[in-house]
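Read through the structure below, which is laid out as structure tokens, and then see the notes.
Residue numbers (our numbering): 370 to 633.
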């Protein structure tokens, strides 16, 4: 008797296991379909358009965040080997070579050094002003590029809000059409559109605003450091510094002796 009960219990467990195994792929597929329809699809065409417009905006935000983080690294703005190269050139009084090298240097630090050395003929004060003005100019240019994130961060939630209002209008229209007794499934379509578009609007806005602020702060910090390093680089031209003002005169001579392009 006990063996029969044991065998029947084992058989029931085996059948249950087979049924669960067979049902698992179907359940997973149904769950995936439900998640896709919940966040990426809608029975309303306008809701689908708004949702996918926001999804594309979120992809653009992520791409821009990655781009600006990579572009505004210290190694791109002020490569350490470039700084050491200019320090070596100026210490060895290779002023003309330093000016020519800086003229072709694509880095922000190289452009600042070139602007400063080009003002050597006007004295140390002019060289300092050139550093400050060029640093402000190049820093502002980088910050303006990041402003696209702020625009997306402002527009994304507004588009989501548009979808929210549209979805609620659809839901209330269903109530009116059904005389105050709407089908819950039809009513849920408009409410779903309202909530999903709000969700994607926030997905666009929150990362865009946060990343924009972080990248701007990073740019400000790096540009301050770049300006300090550039001023340290030209400190040997300062009147009263060791070896006097001879380096400034030599740099001015090197700058003035550069061949000037002929007017066409």
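Ideal Cβ placement from N, Cα and C applies to all residues, glycine included.
The Cβ atoms of residue 424 and residue 569 lie closer than 8 Å to each other. Taking all protein chains shown into account, residue 403 has fewer than 16 neighbouring C-beta atoms within 10 Å of its C-beta and is therefore exposed. Taking every protein chain shown into account, the CB of residue 460 has fewer than 16 other CB atoms within 10 angstroms, so this residue is exposed.
In the structure shown, residue 449 adopts helical secondary structure according to DSSP, grouped into three states. Between residue 503 and residue 534, the gap from beta carbon to beta carbon reaches 8 Å or more. In the three-state reduction of the DSSP assignment, residue 604 falls in the helix class. By the neighbour-count definition (other C-beta atoms within 10 Å, threshold 16), residue 541 is an exposed residue.
Excluding the 5 residues flanking it on each side, residue 454 has same chain C-beta neighbours closer than 8 Å at 470, in chain order.
For residue 553, the number of other beta carbons within 10 angstroms of its own is below 16, and it is reported as exposed.
Shown here for residue 607: same chain residues with a beta carbon closer than 7 Å to its own, the five before and five after excluded, namely 493 in chain order. A direct Cα-to-Cα measurement between residue 498 and residue 602 gives close to 14 Å. By the C-beta density criterion, residue 516 is exposed, having fewer than 16 other C-beta atoms within 10 angstroms. With respect to the 8 Å criterion, residue 567 and residue 420 are not classified as neighbours on the basis of their beta carbons. Closest in alpha carbon position to residue 436, among 591, 594, 597, 584, is 584. Annotated three-state conformation of residue 480 is helix, per DSSP. Between residue 573 and residue 407, the C-beta gap is not smaller than 8 Å, which leaves the two residues out of contact.
Cβ contact annotation for residue 588 (same chain, cutoff 8 Å, sequence separation greater than five): 441, 508, 511, 512, 515, in chain order.
Under the criterion of beta carbons closer than 8 Å, residue 446 and residue 476 qualify as touching, at roughly 7 Å. Cβ-Cβ distances below 8 Å link residue 417 to 410, 411 in the same chain, with the five nearest sequence neighbours on each side left out; the list follows chain order.
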